[in-house]
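This report refers to the structure that appears directly beneath it.
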Amino acid sequence: MNGETIYNEVYFDDVRVPAKNIVGQENEGWAVVNTLAGFERSNIDQIMGMVRGLETLVAYCNETKRNGQPLAKDFVIRNRLAQTACDIEAARSLAYRVADLQNRNEMSLMDASALKVFASDLGERLAFLATDILGPYGQVKFSRWAPMNGQWESLYHECFVFTISMGTNEIQKNIIAWYGLGLPRMK
Amino acid sequence: MDLIFSEAQEILRKMARDFLATECPKTLVRELQDSEKGYSPELWKKMAELGWMGLVIPEEYEGMGYTFQDLTVLLEETGRNILPGPLVCTVMSTFPILDVGTEEQKKEFLPKIAAGELILTTALIEAAGTFDASGIAAKATPKGDDFTINGTKLFVEMAHVADYCICAARTKDGASPEEGISLFIVDTKAPGIHCDVIPTIAMDKLCELRFENVTVPKKNTLGELHKGWPVVEKLLEKGAIAKCAESIGGMQAAVEMTIAYSKERVQYGRPIGAFQALQHMMADIWSSMETSRYLVYEAAWMESEGLPCTKEVSMAKAYVNEAYKYVTKWAIRLHGGIGTSRDHDIPLYYLQAKAADTAFGGTDFHRELVAQQIGLI
């Protein structure tokens, strides 16, 4: 959507792989994939990116005036930024929990899935909030007119990636429901 | 930060859970909420024998000497079960006495609190309805060595059964609203005090306390005169985390009940928990509870370690206020019609969530503190 390339299609035509390169047991690859996915879902990098992003947004609101006062003095903007700060801290706390479990070689599919959903939805909310705050500048691509190097216009495109990749958020909720909460699957 | 609880804390948790399940079933919860007193003196006595009122009072004052984090473990269980009564307001009132009380005041009040012989509460908020210092208009004027208090406090928890209340009043005008506030330990039976119970959504006996020329002896001035606001701020911080701990316990109960119900309630030929729309809602409320949990644990640990944590505490309170309301709203909706009945347990948590929202600061109050803490000018 934004002209960047992240994903690729890879074709395997009779590719030979030495037997010593098999990971885990033959025919048991799904368990390995699930473990890998769990690690990916801890999302600590995305969350810390949001911490940094919020800092730049706060600085922007302190420095930028609209209607004769800094954006930081607008009650609605303050309230929404504070709410986002709380959400980011909640995500960070859960990410540390997931990391702690991984450190102990324990894996909570539920916590990892919950974190993936929460952090990706939060990234979307942050992109929407930032581009709202920027007003007409929220649509401007990287250029001399773009506040904060156009990072929020860029995130506005990219935020969907995290809600869809590594298993869509809806699939994550199925995982929580079926494997975590023990709810029955519809046949 | 330690992300797992100690063995001693897990024992405390289990003991509290088992005790409350036996001694305070939901039938008693509803009975106490509907009653005039709002708590059970028999149950209060049993809790005193377990050491709950004195949990964070040092052993030298006949308390248990536990940490603030230990207290939040206990309060998670009282929130999970729902425990009508003056436990939280009494325990919260011990903190200002511990912080700034004289040795005489500590010896006079703390052992009796630990023994369950005294019920205390705090009288802070007034008609303005804000926990900001600007909301305090009650005045305490010197009268010889004593003070005379005039003013009205609102939403004073369990004041109708409390023996003493810690009252914040203005003793002088200051350059800012935070200056000139003093704290007093007021005998609730003193002449001039009038108490009425305000009918509230959670029937938790929040009271209007009117002070008409109430005399407070000098020895009951708590802390340094005119410098009470920082003590109030610390109390609000601890109270916010205490309320959050109760709230995550309540969320846990609501989520568990909802999932269990969805597996047994059959409609259209299958358990309603098999419908994906409902499964996703249950995943959402579980996730909301889980994200709340670790935010609260982080803030509780920091508070317990004496680390600066104004930002983390306000973040937790602002977040959990909304999460608890969200979780319990959907818990009711997922129960369908039965979820709206007074006889069912799930609405109890929905009402607790609303009460918890404003206690020790509502969402917007704490979001403004967060806004300041993250650097907004």
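Going down the list, the protein sequences come from chains A and B. To get the numbering used here, take the position in the first sequence, counting from 1, and add 162. To get the numbering used here, take the position in the second sequence, counting from 1, and add 5. Note that CB positions come from ideal geometry on N, CA and C, so glycine has one too. Note that this is a predicted model, so its numbers are computed, not measured.
With 8 Å as the threshold, decide whether the Cβ of Asp294(A) is near any Cβ in chain B.
Mapped onto the first sequence, residue 294(A) falls at position 132. Output row for Asp294(A): interface = no.
Near Asn218(B), what residues of its chain come up, given a Cβ to Cβ distance below 7 Å and the 5 sequence neighbours on each side ignored?
To locate residue 218(B), count along the second sequence from 1; it is residue 213. Around Asn218(B): Thr153, Asn155 and Gly197.
Mind checking if Tyr324(B) is an interface residue toward chain A, Cβ cutoff 8 Å exclusive?
By one-based count along the second sequence, residue 324(B) stands at place 319. Cβ-Cβ to chain A under 8 Å: yes for Tyr324(B).
Please compile the residues from chain A whose C-beta is within a distance smaller than 8 Å of the C-beta of Ser297(B).
Locating residue 297(B) in the second sequence gives position 292, counting from the first residue. By Cβ distance, chain A contributes Ala252.
Going along chain A in order, which residues have a C-beta closer than 7 Å to the C-beta of His199(B)?
Position 194 of the second sequence, counting from 1, holds the residue named residue 199(B). The contacting residues do not exist; His199(B) stays about 37 Å from chain A at best.
Distance, Cα to Cα, Thr333(B) vs Ile118(B)?
In the second sequence, the residue the question calls residue 333(B) occupies position 328. In the second sequence, the residue the question calls residue 118(B) occupies position 113. The straight-line gap from Cα to Cα measures roughly 34 Å.
Of the residues Tyr258(A), Ile338(A), Val195(A) and Arg228(A), the one placed nearest Val279(A), counting alpha carbons only:
Here residue 279(A) corresponds to residue number 117 of the first sequence, with the count starting at 1. The candidate whose alpha carbon is nearest that of Val279(A) is Ile338(A).
From Leu88(B) to Pro298(A), what does the alpha carbon distance come to, in whole angstroms?
Along the second sequence, read from residue 1 onward, the residue named residue 88(B) stands at position 83. Along the first sequence, read from residue 1 onward, the residue named residue 298(A) stands at position 136. Put simply, the backbone Cα of Leu88(B) is about 52 Å away from that of Pro298(A).
Distance, Cα to Cα, Ile16(B) vs Ala358(B)?
Here residue 16(B) refers to the residue found at position 11 of the second sequence. Here residue 358(B) refers to the residue found at position 353 of the second sequence. In a straight line, the C-alpha of Ile16(B) is about 27 Å away from that of Ala358(B).
His199(B) by DSSP, collapsed to three states: which one?
For the purposes of this step, residue 199(B) is taken as the residue at position 194 of the second sequence. Of the three classes helix, strand and coil, the one that applies to His199(B) here is strand, per DSSP.
From what residue to what residue does the alpha helix (DSSP H) around Arg347(B) run?
Taking the first residue of the second sequence as position 1, residue 347(B) is located at position 342. Neither: Arg347(B) is in no alpha helix (DSSP H) and is coded neither H nor E.
Would you list the residues sitting across from Thr127(B) in a DSSP beta bridge?
In the second sequence, the residue the question calls residue 127(B) occupies position 122. For Thr127(B), which the question treats as bridged, DSSP gives the partners Ile171(B).
Would you say Pro396(B) lies against chain A (beta-carbon separation less than 8 Å)?
Summary: the structure shown does not reach residue 396(B), with chain B confined to residues 6 through 382, and so no result is reported for it.
Using the beta-carbon of each residue, which ones in chain B are nearer than 9 Å to Glu332(A)?
For this step, residue 332(A) is matched to residue 170 along the first sequence. Here the neighbours are Gln281 and His285.
Does DSSP classify Gly208(A) as helix, strand or coil?
The residue you call residue 208(A) lines up with position 46 of the first sequence. The question names Gly, but residue 208(A) is Gln in the sequence shown. In this structure, Gln208(A) counts as helix in the three-state DSSP scheme.
In three-state terms, what does DSSP make of Leu159(B)?
As a first step, residue 159(B) is located in the second sequence; it is residue number 154 there, counting from the start. Here Leu159(B) sits in strand by DSSP.
With a cut-off of 8 Å on the beta carbons, I'd call Ser309(B) and Met287(B) a contact; round off their distance for me.
Residue numbering aside, residue 309(B) sits at position 304 when the second sequence is read from its first letter. Residue numbering aside, residue 287(B) sits at position 282 when the second sequence is read from its first letter. Not confirmed; about 32 Å, so no contact.
Identify the residues that DSSP records as bridge partners of Thr99(B): which are they?
Along the second sequence, one-based indexing puts residue 99(B) at 94. Beta-bridge pairing links Thr99(B) to no other residue.
Taking buried to mean at least 16 other C-beta atoms within 10 Å of its own C-beta, is Thr32(B) buried or exposed?
Residue mapping note: residue 32(B) aligns to position 27 of the second sequence, counting from 1. Thr32(B) is exposed by the Cβ-count criterion.
Straight-line CA distance for Trp307(A) to Gln284(B)?
Here residue 307(A) corresponds to residue number 145 of the first sequence, with the count starting at 1. Here residue 284(B) corresponds to residue number 279 of the second sequence, with the count starting at 1. Distance between the alpha carbons of Trp307(A) and Gln284(B) is about 46 Å.
Could you list the residues in the segment 278-310 of chain A with a C-beta less than 9 Å from some C-beta on chain B, going in chain order?
Val279 and Phe280
Using the beta-carbon of each residue, which ones in chain A are nearer than 9 Å to Met256(B)?
The residue given as residue 256(B) occupies position 251 in the second sequence. Chain-ordered listing is empty here: chain A has no CB closer than 9 Å to the CB of Met256(B), the nearest sitting near 13 Å.
Where Pro180(A) falls, given that 16 or more other Cβ within 10 Å makes a residue buried
Numbered from its first residue, the first sequence carries residue 180(A) at position 18. Counting Cβ neighbours within 10 Å, Pro180(A) comes out exposed, since fewer than 16 surround it.
Got a sec: is the Cβ-Cβ distance from Ala288(B) to anything in chain A below 8 Å?
Numbered from its first residue, the second sequence carries residue 288(B) at position 283. So yes, Ala288(B) belongs to the interface.
Do Leu277(A) and Ala247(A) have their CB atoms nearer than 8 Å?
The count along the first sequence starts at 1 and reaches residue 277(A) at position 115. The count along the first sequence starts at 1 and reaches residue 247(A) at position 85. For Leu277(A) and Ala247(A), no; Cβs fall outside 8 Å.
What are the boundary residues of the alpha helix (DSSP H) that includes Cys248(A)?
Taking the first sequence and counting its residues from 1, the one referred to as residue 248(A) is at position 86. Phe237 to Asn265 is the extent of the alpha helix (DSSP H) around Cys248(A).
Between Thr193(B), Leu227(B), Asn326(B) and Thr205(B), which has its C-alpha nearest Arg215(B)'s C-alpha?
Translated into the one-based positions of the second sequence, residue 215(B) becomes position 210. For Arg215(B), the closest of Thr193(B), Leu227(B), Asn326(B) and Thr205(B) by C-alpha to C-alpha distance is Thr193(B).
Rounding to the nearest angstrom, what Cα-Cα distance links Glu229(B) and Ala180(B) in this structure?
For the purposes of this step, residue 229(B) is taken as the residue at position 224 of the second sequence. For the purposes of this step, residue 180(B) is taken as the residue at position 175 of the second sequence. Taking the straight line from one Cα to the other gives about 18 Å.
Ignoring anything shorter than 3 residues, give me the beta strand (DSSP E) runs that lie fully in the segment 304-343 of chain A, in order along the chain.
none
Quick check: Gln74(B) and Met208(B), are their CB atoms within less than 8 Å of each other?
Sequence index remark: in the second sequence, residue 74(B) carries index 69 (1-based). Sequence index remark: in the second sequence, residue 208(B) carries index 203 (1-based). No.
Short Cβ contact (8 Å threshold) for Ala323(B) with Ile290(B)
The residue given as residue 323(B) occupies position 318 in the second sequence. The residue given as residue 290(B) occupies position 285 in the second sequence. One thing to note: Ala323(B) has its Cβ no nearer than 8 Å to the Cβ of Ile290(B).
Between Phe280(B) and Thr330(A), what straight-line distance do the alpha-carbon atoms span, to the nearest angstrom?
Position 275 of the second sequence, counted from the start, is the residue given in the question as residue 280(B). Position 168 of the first sequence, counted from the start, is the residue given in the question as residue 330(A). Their Cα atoms are separated by approximately 18 Å.
Looking only at its own chain, which residues have a Cβ that is under 6 Å from the Cβ of Ser297(B), when we skip the five neighbours before and after it?
Within the second sequence, residue 297(B) is the residue found at index 292, counting from 1. In the same chain as Ser297(B), and ignoring 5 residues on each side of it, the C-beta atoms closer than 6 Å to its own belong to Ile253, Val325 and Ala328, in chain order.
Going along chain B, which residues have a C-beta under 8 Å from Arg240(A)?
Here residue 240(A) corresponds to residue number 78 of the first sequence, with the count starting at 1. Ordered by position in chain B, the residues that pass the 8 Å Cβ test against Arg240(A) are Arg372, Glu373, Ala376 and Leu381.
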